[in-house]
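So the structure is just underneath, and the comments pick up after that.
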Ligand code: BGC
């Protein structure tokens, strides 16, 4: 028996990349609802669930990482890391700053960005809507408006007609279920509502919007055997029962899986060419004492390994989730996976442990075709402002200097050798 550890090889052609979203890195996204909301909250104490960031002041995104101007520098970094793919988003508020008015300069900007990736031989996964919305759209009620899918379709049509040739994979909407929960159930994000009726409307309008977008993208781009690849990115969690012998807690897990992990896919069946999966953590569900209600197990930092977001680090969960999604019989891309931490050694371990589990899932027959680490840069983390550090690259938000962290080197080795040892 040899003690030497085996190298874990990934299938040839596996996509290695990082993921970002426009509002979180570009800066000066002034026509969006997030920009507007941030100005309102400037200097206020953060209204967040995460302990580590409570009592901190909210800082608006401002010029952020200035990726809008520095994108070439950032793409140099991904090239250096031997990435062969990149996930990024395009900002609807820039392309259509007023209803029905297209900004051709902004369109040209994104054309330049995507062409730059193509020149480097990097496959492009483009998200059309990643949480932020144009202000005009938000003022019309956002996704609560029955006409919202129609507005979205027009924007998608414009983008696909103009940029279609430069994109390999389309993500129509990022994490619809998280958006509904954060904006319309838990009241953390704009428009900060707690209204189940509106949440339902938003959800089903997003379902309709995805279906419309799926159809129009295929209609414009499909030619002969050449077919567009369209999907969404869903946030999937690894749910577990607090105690395995409690039937009710097993039932909670079943329902959470169905409602949170599966339902968007179920409502949009036949409108996915691949499954986009964002995986971050595990949640254990417990029956509340004296009621039949589920509650999430509270975990303390000294009891378990948590990220700075308070999320339970659980690499095996990605294996469980992938096995579960195998039943959809579609190729799977991990469109996000990462950790908020100021301890980069923890990030290196996170990366290796999760990729080991993904490799195991592939060995078991799951058709995983790519991995996009969240994120390339430390960036603007929504309601938690600049607190959480998700990047493989550190950004000094004053000087805009980029400094690759040790995890950058680790990921570089993985990508260049298409495997890990
Ligand atoms: C979102 C990202 C976010 C990340 C970390 C995902 O849910 O798509 O925008 O930054 O999680 O919280």
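Numbering (our numbering), first residue to last: 832 to 1252. Here a beta-carbon is modelled for each residue, glycine too, at the ideal position from N, C-alpha and C.
Asked, Found
"Distance CB(residue 883)-CB(residue 1139) smaller than 7 Å", "yes"
"Secondary structure of residue 1243, DSSP reduced to three states", "helix"
"CB contact flag (residue 1084, residue 1070, <7 Å)", "yes"
"Beta-bridge pairing of residue 1225 - partner residues as DSSP gives them", "1234"
"Which of helix, strand or coil DSSP assigns to residue 1119", "coil"
"Pair within 7 Å by beta-carbon distance, residue 966 and residue 889", "no"
"Boundaries (first-last residue) of the beta strand (DSSP E) holding residue 1204", "1199-1205"
"Close Cβ partners of residue 832 (< 6 Å) along its chain, the five nearest in sequence each way excluded", "Residue placement at residue 832 is flagged as unreliable, the pLDDT there being 47, under the threshold of 50; the coordinate-derived value follows with that caveat. Contacts found: none."
"Assigned secondary structure, residue 964 (DSSP; H/G/I helix, E/B strand, else coil)", "coil"
"Residue nearest to residue 1104 in terms of C-alpha spacing, selected from 972, 1184, 1002, 1112", "1002"
"Residue 856 versus 845, 919, 1134, 844, residue with shortest Cα-Cα distance", "919"
"Nearest candidate by alpha-carbon position, reference residue 797, set 853, 1078, 1196, 910", "A query on residue 797 cannot be resolved here, the shown segment of the chain reaching from 832 to 1252 and no further."
"Three-pair Cβ contact test at 8 Å for the segment 1107-1121 versus the segment 1024-1041", "no"
"Length at least 3, wholly inside the segment 1060-1145: the beta strand (DSSP E) runs in chain order", "1061-1072, 1106-1118, 1125-1127"
"For residue 850, the residue or residues it bridges with in DSSP", "918, 1205"
"Residue 946 versus residue 906 - alpha carbon distance", "11 Å"
"Cβ pair count under 8 Å reaching 3, the segment 1115-1133 against the segment 1155-1162", "no"
"Per-residue burial, residue 1247 [other beta carbons within 10 Å of its own, 16 or more giving buried]", "exposed"
"7 Å Cβ shell around residue 1015 - same chain, five flanking residues per side excluded", "1024, 1026, 1029, 1030, 1033"
"Distance cut-off 6 Å: residue 1066 Cβ against heavy atoms of the ligand BGC", "yes"
"Three-state secondary structure assigned by DSSP to residue 1187", "helix"
"Bridge partners - residue 955, DSSP secondary structure assignment", "917"
"Neighbourhood of residue 931 by C-beta, 8 Å cutoff - its chain only, sequence neighbours within 5 removed", "985"
"Reduced DSSP secondary structure (H/G/I, E/B, other) of residue 1252", "coil"
"Simplified DSSP assignment, three categories, for residue 1164", "strand"
"Where residue 1052 falls: helix, strand or coil (DSSP)", "helix"
"Residue 862 versus 908, 970, 1224, 1228, residue with shortest Cα-Cα distance", "970"
"Cβ-Cβ distance between residue 1208 and residue 896 below 7 Å", "yes"
"The ligand BGC heavy atom lying under 6 Å from the CB of residue 852", "yes"
"Sub-7 Å separation of residue 1063 and residue 1121 beta-carbons", "no"
"Span separating the alpha-carbon of residue 998 from that of residue 1215", "31 Å"
"Check: residue 860 C-beta below 6 Å from any heavy atom of the ligand BGC", "no"
"Residue 1080 vs residue 1072 beta-carbon contact at 7 Å", "yes"
"DSSP beta-bridge partners of residue 839", "1251"
"Cβ pair residue 1203, residue 924 closer than 7 Å", "no"
"Residues near residue 961 in its chain [Cβ-Cβ closer than 6 Å; skip 5 each side]", "852, 920, 1005"
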